[in-house]
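Novice:
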Amino acid sequence: VTLHSLRGQIAIVTQQTILFNDTVKRNIAYGDIERTDEEIIAAAKAANAHNFIMRLPQGYDSNIGELGTKISGGEKQRISIARALLKNSPILILDEATSSLDTEAEIEVQEALDNLMKGRTTLVIAHRLSTIRNADRIIVLVNGEIAEEGTHEKLLSKKDEYYRLYNLQFKENGNGNDRLAKDLE
Numbered sequence: 004v005t006l007h008s009l010r011g012q013i014a015i016v017t018q019q020t021i022l023f024n025d026t027v028k029r030n031i032a033y034g035d036i037e038r039t040d041e042e043i044i045a046a047a048k049a050a051n052a053h054n055f056i057m058r059l060p061q062g063y064d065s066n067i068g069e070l071g072t073k074i075s076g077g078e079k080q081r082i083s084i085a086r087a088l089l090k091n092s093p094i095l096i097l098d099e100a101t102s103s104l105d106t107e108a109e110i111e112v113q114e115a116l117d118n119l120m121k122g123r124t125t126l127v128i129a130h131r132l133s134t135i136r137n138a139d140r141i142i143v144l145v146n147g148e149i150a151e152e153g154t155h156e157k158l159l160s161k162k163d164e165y166y167r168l169y170n171l172q173f174k175e176n177g178n179g180n181d182r183l184a185k186d187l188e
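Numbering-wise, my numbering comes out as the position in the sequence shown, counting from 1, plus 3.
(1) Less than 8 Å between CB atoms is the rule here; does K162 satisfy it with respect to chain D?
(2) For the putative contact between T125 and P93, defined by C-beta atoms under 8 Å, what is the C-beta separation to the nearest angstrom?
(3) Between E107, N54, S102, D105, which has its C-alpha nearest I82's C-alpha?
(4) Residue ranges of each alpha helix (DSSP H) run of no fewer than 4 residues wholly in the region 17-67, ordered along the chain?
(5) Classify T125 as helix, strand or coil using the three-state DSSP reduction.
(6) Just to confirm my understanding: we take E109, look at its own chain, exclude 5 residues before and 5 after, and list those with CB closer than 8 Å. What are they?
(7) Under 8 Å Cβ to Cβ from I149, same chain only, skipping five residues before and after it: list those, please.
(8) Taking a contact to mean a Cβ-Cβ separation below 8 Å, would you say I13 touches I96 in this structure?
(9) Just grab the DSSP bridge partners of V112 for me.
(10) Grab me the residues of K73's own chain with a C-beta within less than 6 Å of its C-beta, minus the 5 sequence neighbours each way, in chain order.
(11) Name the two residues that bound the continuous beta strand (DSSP E) containing G71.
(12) Does N180 come out as helix, strand or coil in the three-state DSSP assignment?
(13) Report the option in N30, E69, P60 whose CA atom is closest to the CA atom of N24.
(14) So, L104 versus A32, is the Cβ gap smaller than 8 Å?
(15) Under DSSP, the alpha helix (DSSP H) around L158 begins and ends at which residues?
So, in structure tokens, the structure goes:
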């Protein structure tokens with residue numbers, strides 16, 4: 004296996020989206036000039052990006068500025084997700100993909116991520132536990148060591164480190180006990 008072939012099998016969506024001073028279309032295609040407009044639009048729709056793109060002055064041909072300065076954080080993330088969808092790799096890495104988003108943008112991006120993760124092996128690196136609730140397997144690390152592992156439900160029922168983190172996180176957002184009670188049902 005070469006490094007080049009390995010990279011071809013992996014798509015990454017990171018906290019810091021890398022976008023170029025170019026059009027939305029070219030940012031989604033990310034150097035793959037073989038992609039058709041139809042494929043790019045289909046990826047944008049699956050990433051919940053199509054509607055905001057169509058509101059831009061020139062739609063898919065709108066320039067988004069260096070590092071995407073002309074669009075919001077949630078819009079940048081959805082372009083990054085569309086890029087990953089278009090790549091259609093069997094392995095997906097999500098590295099803090101929703102950490103810098105407000106609640107409304109996170110909901111839209113999470114829906115897009117759910118579409119992206121279907122049928123793929125996905126590694127999710129997250130501090131926001133809402134992004135991993137539906138994972139088949141969650142591994143909780145403490146000081147670089149595996150503290151516990153299991154599903155969301157199993158880890159909550161153990162009332163150990165994951166339970167503590169989950170309860171703490173949702174208390175900070177003002178809905179901890181209600182959310183926790185619902186999850187424990």
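Here a beta-carbon is modelled for each residue, glycine too, at the ideal position from N, C-alpha and C.
These numbers were taken from a predicted model, which means no experiment stands behind them.
Specialist: Considering the structure as presented:
(1) Looking for chain D here will not work: only one protein chain is present.
(2) That pair is no contact at about 10 Å.
(3) Comparing Cα-Cα distances from I82 to each of E107, N54, S102, D105, the minimum goes to N54.
(4) Listed in chain order, they are 27-32, 40-49, 53-58.
(5) strand
(6) G77, T101, R131, S133
(7) I142, V143
(8) yes
(9) Answer is none; V112 lacks a bridge partner.
(10) I67
(11) Unbroken run through G71: none, as it is neither H nor E.
(12) For N180, the pLDDT reaches just 48, beneath the cut-off of 50, and the residue's location in the model is therefore unreliable, although a value from the coordinates is still provided. It is helical.
(13) E69
(14) no
(15) Run containing L158: 155-161, per the alpha helix (DSSP H) assignment.
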